[in-house]
Each structure stands twice: as structure tokens, then as C-alpha cells.
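Everything on this sheet refers to the single structure shown next.
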Amino acid sequence: MGVGSERRLAAALALLLLTGGCARDESAPPATGANPAAATAEEAAQPARGDAIVFGTVGDASTLIPMLASDSASHEYAGNIFDGLVAYDKTLSFLEPRLAEKWDVEDGGQRITFHLRRDVKWTDGVPFTARDVEFGFNLIRDPATLTAYSEDYKQVQSFEVIDDWTFRVVYEKPFAPALSTWGSLVVLPRHLLEGKNINETDFGQHPVGLGSHIFESWERNTRFTLRANPDYYRGRPWIERVVYRVIPDESTQFLELKAGGLDMMGLTPLQYSRQTSTPVFARDFRKYRYVSNAYTYLGYNLEDPRFADVRVRRAFSHAINKQEIVDAVLFGLGRPSEGPYRPGTAWINDELPAYAYDPGKARALLAEAGWKDGDGDGIVEKDGKPFFFRILTNQNEQRLKAATMIQRRLRDVGVEASVRVLEWSAFINDFIDKRRFEAIVLGWSLSLDPDQYDIWHSSKTGYKQFNFVGYKNPEVDDLLEKGRRTFDEAERKRIYDRLQVILWEDQPYTFLYVPEATPIVAARFHGIEEAPAGISWNFPFWYVPKGEQKYVVTR
Amino acid sequence: MLSYLAKRLAGFVPLLLGISFVSFMVMALAPGNPVDLMTDMNPKASPESRIQLEKYYGLDRPIHVQYGLWLNRIVHGDLGTSFSRDRRPVLDKILEALPITLMLNAIELALILALAIPIGIYSAARQYSFGDRVTTVLLFVGFAMPSFWLALLAMTLFGVHLDLLPISGLRSLDYDSMTTLGKVGDRLAHLALPIGASVVTGLAGMSRYMRSSMLEVLRQDYVQTARAKGLSERVVLLRHALRNALLPVVTLLGMSIPGLIGGSAISETIFAIPGMGRLFFTGVMARDYPVVMGILLFGAVLTLLGNLLADMLYIVVDPRLRKR
Chain A
118 MGVGSERRLA AALALLLLTG GCARDESAPP ATGANPAAAT AEEAAQPARG
168 DAIVFGTVGD ASTLIPMLAS DSASHEYAGN IFDGLVAYDK TLSFLEPRLA
218 EKWDVEDGGQ RITFHLRRDV KWTDGVPFTA RDVEFGFNLI RDPATLTAYS
268 EDYKQVQSFE VIDDWTFRVV YEKPFAPALS TWGSLVVLPR HLLEGKNINE
318 TDFGQHPVGL GSHIFESWER NTRFTLRANP DYYRGRPWIE RVVYRVIPDE
368 STQFLELKAG GLDMMGLTPL QYSRQTSTPV FARDFRKYRY VSNAYTYLGY
418 NLEDPRFADV RVRRAFSHAI NKQEIVDAVL FGLGRPSEGP YRPGTAWIND
468 ELPAYAYDPG KARALLAEAG WKDGDGDGIV EKDGKPFFFR ILTNQNEQRL
518 KAATMIQRRL RDVGVEASVR VLEWSAFIND FIDKRRFEAI VLGWSLSLDP
568 DQYDIWHSSK TGYKQFNFVG YKNPEVDDLL EKGRRTFDEA ERKRIYDRLQ
618 VILWEDQPYT FLYVPEATPI VAARFHGIEE APAGISWNFP FWYVPKGEQK
668 YVVTR
Chain B
12 MLSYLAKRLA GFVPLLLGIS FVSFMVMALA PGNPVDLMTD MNPKASPESR
62 IQLEKYYGLD RPIHVQYGLW LNRIVHGDLG TSFSRDRRPV LDKILEALPI
112 TLMLNAIELA LILALAIPIG IYSAARQYSF GDRVTTVLLF VGFAMPSFWL
162 ALLAMTLFGV HLDLLPISGL RSLDYDSMTT LGKVGDRLAH LALPIGASVV
212 TGLAGMSRYM RSSMLEVLRQ DYVQTARAKG LSERVVLLRH ALRNALLPVV
262 TLLGMSIPGL IGGSAISETI FAIPGMGRLF FTGVMARDYP VVMGILLFGA
312 VLTLLGNLLA DMLYIVVDPR LRKR
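One line per chain: the protein sequences are A and B, in this order.
As numbered in the numbering used here, residues 118 to 672 make up the first sequence, in order.
As numbered in the numbering used here, residues 12 to 335 make up the second sequence, in order.
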């Protein structure tokens with residue numbers, strides 16, 4: 118469970134990413150090819166039906182009911198079977214229609230009316246209607262439903278079905294992330310689930326959905342198989358079959374990839390940069406790299422008097438060489454990070470300068486804060502006490518390496534740090550929750566909406582809450598509150614730009630790096646288009662030209 | 012004999028109670044619970060949903076009550092339902108993984124015995140010969156090699172470079188469309204690497220036992236006598252010495268019976284085999300208490316039965332014990 122936090126958060130996103138699709142041509146008929154990019158890039162290779170794609174996954178899913186699942190594999194599998202009302206576009210900047218063909222935002226965002234597509238059917242033939250969404254909505258808010266995702270839906274005051282394809286939600290207060298929450302979590306077939314106990318039903322073991330693929334078989338901890346949904350409302354996928362193979366070990370996955378047993382996997386930085394540059398790989402595979410939705414940071418316990426002084430935190434940010442960490446830990450497959458937003462998306466404030474690696478400046482800031490080396494032992498002291506502290510992190514090799522490099526750079530400016538690695542549960546329960554830490558190296562992976570209330574707001578410093586560094590800044594509180602009540606994009610952008618300026622000044626974390634996702638895909642798959650959202654956003658419209666097909670798929 | 016058996020079996024009850032109680036407590040002492048792993052570091056999860064989940068799993072009750080409830084279910088023959096969101100019965104999960112592990116381990120053990128006993132006899136009979144030295148060195152190389160490392164090397168060689176054997180899993184993607192013969196071949200091909208790797212690393216222990224036990228026996232007076240009678244070396248070794256030399260091996264065998272159901276988490280992870288080792292490992296990592304307790308209980312029962320069986324086998328192979 119080493120990478121717990123990211124995995125689970127990424128899971129929530131995977132819903133959106135994996136159900137992502139072709140942005141430009143909503144009404145593309147299935148027969149003429151749904152992917153315009155393919156036509157220009159690969160004229161010779163005509164889209165054709167057939168073949169299969171085999172994915173590797175390190176863990177098996179638990180349930181395919183998205184609102185109950187808390188692991189990434191579950192969300193990934195289910196992302197093929199269900200679809201959302203809305204989904205992020207491939208640039209991750211705005212929401213585009215899916216099951217909802219349009220929506221009206223009224224009263225400054227307090228009221229949203231969704232108009233659903235009328236041509237969508239569940240794969241058992243029953244039409245999809247607003248009643249299904251109402252059912253899913255009531256279910257996720259039901260206190261008896263064991264879901265970790267109900268919070269967003271509790272902001273809704275009323276849900277009113279106007280007709281089979283129209284419904285209206287009214288929020289207590291305008292809630293800017295509202296629109297993005299109408300993804301696939303609340304899309305469930307009412308006719309199959311009504312009256313059943315959602316926590317105990319076996320629907321999650323053989324679901325009926327309306328997404329690009331249809332559930333076919335599931336051999337526990339071994340293999341999960343889907344087939345193309347011929348009636349998929351965005352056009353029938355070209356690839357006939359999708360197989361997930363559960364292979365827990367990354368090295369084994371890599372060997373399977375080389376031997377042809379897998380068609381796609383996420384490479385480790387080492388595999389990407391050192392082990393996949395041979396001519397064979399260049400011929401048989403395509404590698405991709407793009408910024409991922411996560412970042413790693415050094416967080417300070419702001420209740421510790423030493424770290425309560427902003428000059429000390431700034432000094433640390435200048436003392437740490439972020440590029441060096443990216444080069445060593447990620448083999449250069451990442452970027453130094455300066456704030457909590459994903460580079461390349463609309464929300465990042467590009468005007469902020471980087472905290473340059475500058476040991477001289479770091480020493481000066483420490484001296485200004487009263488930390489000076491009086492006894493000449495190379496360690497700075499204040500009131501006779503040397504600056505010694507401990508960095509905690511979990512069993513994650515990248516984080517351990519980053520912490521070790523931080524330790525080395527801090528030593529250069531006279532601060533002695535030790536590093537301690539902990540098992541995930543012990544780390545969270547005994548150290549984070551009890552605030553028994555001085556500094557931590559951890560990561561976040563965040564939803565695509567810029568709202569980060571839970572992480573930075575001063576009201577979120579309680580037990581098991583996520584502002585565990587204890588960051589309190591009234592202006593930040595104010596901006597976070599305003600940000601989630603503002604629907605106007607330009608106004609929101611101003612709010613979050615300002616938030617980033619304050620975080621940049623306060624340095625409650627030293628933001629370290631944003632890793633890149635580095636998937637590799639067998640070269641026979643065409644139609645793949647790299648975008649800020651990655652490559653999976655148009656997965657239903659990938660194809661293998663007739664002559665290159667590898668598997669003969671029979672029904 | 013029968014009363015002895017009954018006594019031993021009755022003794023199992025307090026033992027199992029003790030084992031299960033200690034296991035339950037140790038598991039509860041480990042930091043974190045299943046709910047943490049579902050909600051930790053997930054800003055979308057509210058404190059209420061935590062409380063609600065803990066209640067659902069009965070984790071809000073005191074630990075001794077939880078143990079009592081668990082025990083009550085066990086007595087009624089119910090291993091409970093997994094805490095994982097699939098909510099499947101623990102028994103189903105164990106019965107899915109058990110045959111796989113059992114098959115692998117049984118083949119492995121049979122192969123190890125088939126190789127180790129002759130090697131042991133040979134090394135003992137030709138102690139310090141060139142052949143003894145070579146096998147000793149080779150065995151120790153196998154023993155010293157980390158099995159995961161050997162496994163990865165073998166996968167690279169046979170799976171990627173030579174393209175002879177499948178790398179992981181138990182069956183090919185197109186298994187269902189194969190002929191019966193093809194299916195058997197496919198199965199065997201998939202088993203070759205995982206079994207090969209563990210036989211190489213597991214051979215040393217058993218064969219060294221065999222060797223030393225054989226050497227011990229060969230020094231005995233009755234062997235001297237047999238030789239003095241003019242019996243051929245072959246008869247001396249295989250008829251007179253071997254029987255007694257097998258005693259310690261029987262002990263080892265008895266001790267490896269519970270091992271039959273405990274898969275190696277490392278090997279199963281590398282070869283993507285959904286056996287008991289992985290079930291237990293992922294159960295522990297996810298704090299899936301019912302699954303972990305179910306497997307521990309299974310293991311405890313089998314260990315006790317294995318010990319009993321070893322003792323019974325002793326009686327069978329060692330006439331001196333029969334008198335008592």
C-alpha cells in the first residue's frame with residue numbers, strides 16, 4: 118500500500134480520464150471513424166474492427182460499482198463499463214458533454230439543469246433516463262451506503278426530475294466544483310438495483326453498464342475481460358476485446374511486455390529511460406510521456422516553532438535542488454514543482470518564479486531567523502540548540518531517495534536532518550494523525566477541479582483531516598471559500614492565481630516535483646493522441662488496421 | 012494407539028483457541044484498520060463515512076467482543092465475509108487459491124524428494140569424491156541464490172530470449188480454444204518456471220539432510236556387520252542404511268505439510284499466480300481481518316495435523332516406538 122494516497126486519488130480521476138473520449142466530433146457515426154486525428158497521421162492504416170488489447174495491472178479490482186470502490190483498479194475497470202454525465206476534455210480545462218448533452222447553470226451556479234441524451238441504452242436494452250441518475254444520487258447520499266464519495270452530493274439541496282431526460286439540482290450555496298461531480302459515480306441502472314442492498318449485492322461482480330465496453334468475464338486475481346459495446350452511444354469501439362491481466366510485479370509486467378503478453382503498461386522511470394531504447398522497442402512499441410496529476414512535497418509541521426518561521430521554510434526551499442531530485446529520482450522524467458496545480462493546465466499560475474537553488478540565500482535566511490553556526494561544527498544553532506530534525510516518509514523508493522537528497526542539501530546549509538521510513542498504516546495512524554512529525558515527504562494527486570479546500574483551509578486541521586501540517590492563513594481561507602462559490606471562470610482563475618502567490622510566499626510545503634506518466638503501447642495500435650489528459654482519453658477509438666491485427670476475436 | 016490419537020486431537024482444542032486468540036490480538040495491534048486504507052489521504056472521504064464504515068465492519072466494538080463474535084462464527088462453521096469491497100465469503104477466496112498452491116507445492120515437493128534423496132545417498136556413499144564436491148557446490152549456489160532473482164533471470168532467458176516458455180500466469184489467453192492435449196501442454200509450460208525456480212532453491216535443504224543422515228547411519232555397527240557379511244554395497248546402502256536414514260526426512264516431510272498450503276508470496280507475486288501466498292499477503296496489507304484469520308486458522312490446523320501425522324509416521328517406520 119506504499120503509494121496509497123496517490124493510487125486512491127488517482128482512482129477517482131481515472132473515472133474521468135478513462136471515460137474520456139473524442140472531443141471534436143460528438144455525433145461521429147461509428148462507421149466513418151470517430152477519430153479525426155487518425156485520418157491525417159496514418160492515412161495508410163484504415164481503422165478496422167477486431168483485435169484485442171491486453172493491459173497489465175498490479176492489483177485486481179474489488180467491486181465494479183464506482184461509488185463503493187476505493188482502489189484504482191476497480192475504477193479503471195469500471196471506467197470502461199460506465200460513463201459520466203460530463204467529462205473533462207483532453208486538455209483538462211473544461212467539461213464536455215457525455216450522457217448529458219447540455220446543461221444550464223442558473224442563479225450564479227446554485228441551480229443546474231441537465232439535459233440528457235435520449236439515445237442511450239443500458240446494455241440490457243433498457244433506456245437510460247434521469248430516473249437512473251436520481252436513483253444513483255439518492256443512493257450515494259444514503260447514510261447506509263458505504264461510500265467515501267458522498268460529500269460532494271451532500272451540498273445538493275434538492276434533486277428534481279423534470280422529465281425522463283431532464284433533471285434539476287439546486288445547491289444550498291453555489292458550489293463551483295459541482296458540475297465536475299456529475300461524473301460516473303451516480304450513473305447506475307435503477308431497474309436492476311432498486312430495492313437491493315447496494316453494499317451486499319453481487320451486481321459489482323458482473324455489472325451492466327452503458328459505457329464503451331460490456332463486462333464479459335472475471336477470473337479473480339488473474340484476468341478481467343470486456344468486449345466492445347456495439348451500441349455505445351459515442352460510436353462502437355474498434356477494438357473488439359479488452360483484457361486486464363493481473364501481474365503484481367512490475368519487472369514481470371515488463372518481461373511480459375517484451376514477450377508480447379502485454380500490449381500496454383506504465384513504465385517505471387528506469388524502464389523508460391534505460392531499458393526501452395533498443396531498436397526492437399522502437400519498432401514494436403510507442404512510448405509516451407506527459408505530466409501526471411500528482412506531486413511530491415516536503416511538508417512541515419507548522420506547529421513546530423522552528424518551522425513556524427516562514428524564513429526557515431523559505432531557506433529550505435532555496436537549499437533544496439529540485440532539478441537534481443528530478444534527475445536522480447525520476448531520471449529526468451518529471452518537473453520541479455512550485456505549487457499544487459498541474460503544469461500545463463489552465464489553473465496554474467505561470468508567473469510565479471521558481472525557488473532557485475541558492476545555498477547562499479538559504480544560509481542568509483536562516484541567519485536572519487536566528488540560526489547561526491556559533492561553535493563552528495558546521496551545524497547552525499539558535500539559543501544554543503543545534504538545528505536537528507527528522508524527515509518521515511513511507512516505504513516508497515522515490516520518496517526515500519528524495520528525502521536523502523534533501524538531507525544532503527540541508528547539511529550544506531548547516532541543518533542536520535535524519536530520514537525515517539515507515540510502513541504506510543503506521544505512518545498515517547501513529548505519526549500523521551497524531552501530529553508526531555517535524556517534516557514529511559509525501560505526495561498528493563488531486564482532482565481536476567482547482568478547489569483545494571480540504572488541504573489548505575484552516576478548518577481542516579482536525580483528526581484525520583488533510584491540512585495536517587496545520588497551515589492557517591486567513592486570506593487563504595477566504596480565497597478557498599470564494600473559489601468554491603464562484604462560477605465565472607476568469608474570476609475563479611484570479612482567485613486561484615492569488616492562492617498560489619500566497620502559498621508561494623508562505624511555503625507551507627516545499628513543493629518538490631511532478632512526476633510524468635510514462636506509458637508504453639504496442640505499435641499496432643493507432644489513433645492514439647497524446648494530450649494534457651494523457652493518452653487514454655480517446656481509448657474507445659483506438660484501432661488496429663486489418664493487416665496488423667494480432668488476436669482473432671471470436672464470440 | 013486410538014486413545015493416543017484421541018488424546019492428541021482433544022489437545023488441539025485449547026491449542027487452536029490460544030493460536031487464534033494470539034493471532035487476532037497481534038493483527039489488531041498492527042497499526043491501521045481496513046477502513047483507514049479506504050479513506051486515508053482521500054480528501055473526498057468525510058469523517059462520517061469513516062465512522063459508518065467502521066460500524067459496518069464491526070470495528071467500533073471492543074477488541075474482545077470482536078474476537079468473541081469471530082469465534083462464535085467459527086464454531087458455527089463460518090469463516091466470515093472478506094472486508095474487501097467484493098464482500099465475498101472467506102471460504103470462497105481460500106478455496107479459489109488453495110488448489111493452485113496445493114498443486115504447485117505438491118509437484119515441487121515430489122520433485123525435490125525425487126531429486127534430493129538420490130543426491131543425498133550418492134553424496135554420502137561417495138563422501139569427498141569429486142562428484143560429491145561438485146553437487147555440494149551446485150546445491151549451495153542454488154540455496155544461496157535469492158529465488159526471485161533466479162526467477163527473473165529464468166523468465167528473461169526462457170520467456171523473452173529463447174521464447175520457449177510463458178512468463179507468468181497459469182494459462183494462456185487462448186486457453187479456452189485449445190484442444191485437451193494443448194491445454195495440458197499449456198498448463199505444464201506455465202508451471203515449468205515457477206516450479207523449476209523453487210526446486211533449484213529448495214533442493215539443498217532436503218538433500219543435505221539426506222546426506223548427513225545417511226553418513227550418520229553408515230557409521231553404525233550394523234552397517235559394518237552387513238558389509239562384513241559380504242553383502243554388496245548396493246544392498247547395504249539401499250536396504251540396510253537407507254531405511255534408517257529416512258527417519259529425519261520423514262520429520263521434515265511432516266513439517267512441510269502445513270507448508271503445502273502456504274504459498275510463497277514472493278514467488279506468487281513474481282509469477283502472477285493467484286495462490287495462498289498472495290491472498291494472505293494482500294489480506295494483511297489491506298487489513299482484511301476475516302481473510303487473514305481464516306488462512307491462519309487453516310494453517311494452524313494443518314500444522315497440528317502435520318505434526319500428528321509425522322508422529323504417526325514415526326511409529327510406522329520405527330519399530331522401536333511401536334512397543335510403547
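Even for Gly, the Cβ is constructed at its ideal location relative to N, Cα and C.
Going by the C-beta, is alanine 639 of chain A closer than 7 Å to any heavy atom of the ligand SAH?
This structure lacks the ligand SAH; in fact it carries no ligand of any kind.
Name the two residues that bound the continuous beta strand (DSSP E) containing tyrosine 205 of chain A.
203-205
Cβ of alanine 473 of chain A within 8 Å of Cβ of alanine 432 of chain A?
no
Give, in chain order, every residue of the region 195-209 of chain A whose Cβ lies closer than 8 Å to some Cβ of chain B.
none
Determine, using beta carbons only, whether asparagine 546 of chain A comes closer than 8 Å to chain B.
yes
Going by C-alpha distance, which of B:Gly216, B:Leu226 and B:Leu249 is nearest glycine 153 of chain B?
B:Gly216
Terminal residues of the continuous alpha helix (DSSP H) containing glutamate 608 of chain A?
606-623
If you measure from the beta carbon of leucine 163 of chain B to each beta carbon in chain A, is any gap under 8 Å?
yes
State buried or exposed for arginine 358 of chain A, treating a residue as buried only when at least 16 other CB atoms are found within 10 Å of its CB.
buried
With a cut-off of 8 Å, do at least 3 Cβ pairs link the region 254-262 of chain B to the region 224-234 of chain B?
yes
Since valine 631 of chain A contacts glycine 451 of chain A with CB under 8 Å, what's their CB separation in whole angstroms?
6 Å
Closest Cβ-Cβ distance between asparagine 418 of chain A and chain B: below 8 Å?
no
Counting beta carbon pairs with one atom in the region 161-176 of chain A and one in the region 658-666 of chain A, are three or more of them shorter than 8 Å?
yes
Could you work out which residues of chain A lie near threonine 167 of chain B, taking near to mean beta carbons separated by less than 9 Å?
What threonine 167 of chain B touches in chain A: Leu372 and Lys375.
Within 10 Å of its beta-carbon, does phenylalanine 77 of chain A have 16 or more other beta-carbons around it, so buried, or fewer, so exposed?
Past the edges of chain A, shown from 118 to 672, lies residue 77 of chain A, and the structure says nothing about it.
Buried or exposed: where does glutamine 274 of chain A fall if 16 or more other Cβ atoms within 10 Å of its Cβ makes it buried?
exposed
Between valine 360 of chain A and chain B, is any beta-carbon pair separated by less than 8 Å?
So, interface residue.
Using 8 Å as the threshold, is the C-beta distance between leucine 27 of chain B and isoleucine 272 of chain B below it?
No, these two residues do not count as a Cβ contact at 8 Å.
Can you look up lysine 219 of chain A in the DSSP assignment and give me helix, strand or coil?
strand
Tell me, which residues are paired with isoleucine 356 of chain A by DSSP?
A:Gly167
Whole angstroms is fine: what's the gap from proline 294 of chain A's alpha carbon to alanine 607 of chain A's?
15 Å
Rounded to the nearest angstrom, what separates isoleucine 128 of chain B and arginine 537 of chain A at their Cα positions?
47 Å
So with CB distances below 7 Å, who are the chain B contacts of serine 368 of chain A?
Leu163
If you run the structure through DSSP and keep just helix, strand and coil, what is histidine 161 of chain B?
The sequence given here places leucine at residue 161 of chain B; histidine does not occur at that position. The answer is helix: DSSP assigns leucine 161 of chain B an H, G or I state.
Just the Cα atoms here: how many angstroms apart are valine 303 of chain B and glycine 173 of chain A?
26 Å
So the candidates are A:Tyr194, A:Asp550 and A:Ile549; which of them puts its Cα closest to the Cα of phenylalanine 341 of chain A?
A:Tyr194
Counting only runs that start and end within the region 379-456 of chain A, where is the alpha helix (DSSP H) found for 4 or more residues in a row?
386-391, 396-401, 422-425, 427-436 and 439-446
Mind the definition here: the region 40-56 of chain B touches the region 394-402 of chain A only if three or more C-beta pairs lie below 8 Å; say whether that holds.
no
When you compare the region 236-249 of chain A with the region 275-284 of chain A, are there three or more beta-carbon pairs, one atom per stretch, that lie closer than 8 Å?
Contact between the region 236-249 of chain A and the region 275-284 of chain A is present: 3 or more CB-CB pairs across the two stretches fall below 8 Å.
Lysine 518 of chain A and alanine 445 of chain A - do their beta-carbons sit closer together than 8 Å?
yes
Are the beta-carbon atoms belonging to proline 354 of chain A and phenylalanine 658 of chain A less than 8 Å from one another?
yes
Using the three-state DSSP reduction, which class does threonine 521 of chain A fall into: helix, strand or coil?
helix
Suppose only complete runs of 3+ residues qualify. What are the beta strand (DSSP E) ranges in the region 620-653 of chain A, listed by chain order?
For the region 620-653 of chain A, the full-length beta strand (DSSP E) segments reaching 3 residues or more read 626-634 and 636-639 along the chain.
Output yes if chain B places a C-beta closer than 8 Å to the C-beta of leucine 309 of chain A; else output no.
Chain B, which has no Cβ nearer than 8 Å to the Cβ of leucine 309 of chain A, makes this no.
Give a yes or no on whether 8 Å exceeds the smallest Cβ distance from glutamine 63 of chain B to chain A.
yes
Can you tell me which of B:Arg98, B:Ala283, B:Val312 and B:Met266 puts its alpha carbon nearest to the alpha carbon of isoleucine 178 of chain B?
B:Ala283
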